[in-house]
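To keep things clear, I will list the structure first and then write my remarks on it.
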Amino acid sequence: MRISLLKPLVILALAVGLTSTIAGTAAAVTPGPAARTTSARTAQVQPARISTARLRFGVTTPNGLGGAAELDALAKTVGESPSMVLDYSDFVQAAPIAGLDAMSKRGQSVVITWEPWKWGATDQSPYALRNIIAGRLDSHLNSWATALQ
Numbered sequence: 002m003r004i005s006l007l008k009p010l011v012i013l014a015l016a017v018g019l020t021s022t023i024a025g026t027a028a029a030v031t032p033g034p035a036a037r038t039t040s041a042r043t044a045q046v047q048p049a050r051i052s053t054a055r056l057r058f059g060v061t062t063p064n065g066l067g068g069a070a071e072l073d074a075l076a077k078t079v080g081e082s083p084s085m086v087l088d089y090s091d092f093v094q095a096a097p098i099a100g101l102d103a104m105s106k107r108g109q110s111v112v113i114t115w116e117p118w119k120w121g122a123t124d125q126s127p128y129a130l131r132n133i134i135a136g137r138l139d140s141h142l143n144s145w146a147t148a149l150q
């Protein structure tokens, strides 16, 4: 089910990004840290710039926060790096600190869809709203809060 939702999200994000480019709102861009060259002799390939326009361009990829290569390939195709990356976490996964740090170093903001369920499980009752309200998942919620500080 998750894979079937990814394609429309990417298409929607691309449509918004392309619309902003056509409308001229993507003209306000700044090079990311990777765009600098280390010396005159070793000029590096300039990655697509991240837009600073008011309308933000964001995507999700199959590898989520570990999808730097996918983001670079997309940026090369459309001529602009997404300024936002969408990722998904269920209530079993730990906070994706390494992925958040990696995207931050790239200059990209992260939007996490954090859902109270266990991906792929047939019994979702442990993650029911009544259990969250009763505090049965507080340790997991607190672990995320602590990790994100």
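Residue numbers for the sequence shown follow the numbering used here, beginning at 2 and rising by one. Quick reminder that beta carbons are idealized off the backbone N, C-alpha and C, glycines included.
What whole-angstrom Cβ distance do residue i and residue j have, given they're in contact under 8 Å?
i, j, result
"LYS77", "ALA49", "6 Å"
"MET154", "VAL86", "Because the chain spans 2 through 150 in this model, residue 154 falls outside it and cannot be assessed."
"GLN125", "TRP118", "5 Å"
"SER84", "GLY59", "7 Å"
"ASP88", "ILE113", "5 Å"
Could you work out which residue in the options is closest to residue i when comparing CA atoms only?
i, options, result
"HIS141", "ASP124, ASP91 and SER105", "ASP91"
"GLY65", "GLU81, LEU56 and GLN109", "GLN109"
Grouping DSSP H, G and I as helix and E and B as strand, with all else coil, what is residue i?
i, result
"TRP118", "coil"
"VAL79", "helix"
"THR22", "Any reading at THR22 needs caution, since the residue's pLDDT is 39, under 50, leaving its predicted position unreliable; the model's value is listed next. Looking at THR22 - three-state DSSP - the assignment turns out to be helix."
"LEU56", "coil"
"LEU72", "helix"
"ASP124", "coil"
"ASN143", "helix"
"ARG137", "coil"
I'd like to know whether the C-beta atoms of residue i and residue j end up nearer to each other than 8 Å.
i, j, result
"LEU101", "VAL111", "yes"
"ARG107", "ALA69", "yes"
"LEU149", "ALA95", "no"
"THR62", "LEU72", "yes"
Based on the DSSP secondary-structure assignment, which residues constitute the bridge partners of residue i?
i, result
"MET104", "Paired residue(s): none; MET104 is not in a bridge."
"SER90", "TRP115"
"SER110", "MET85"
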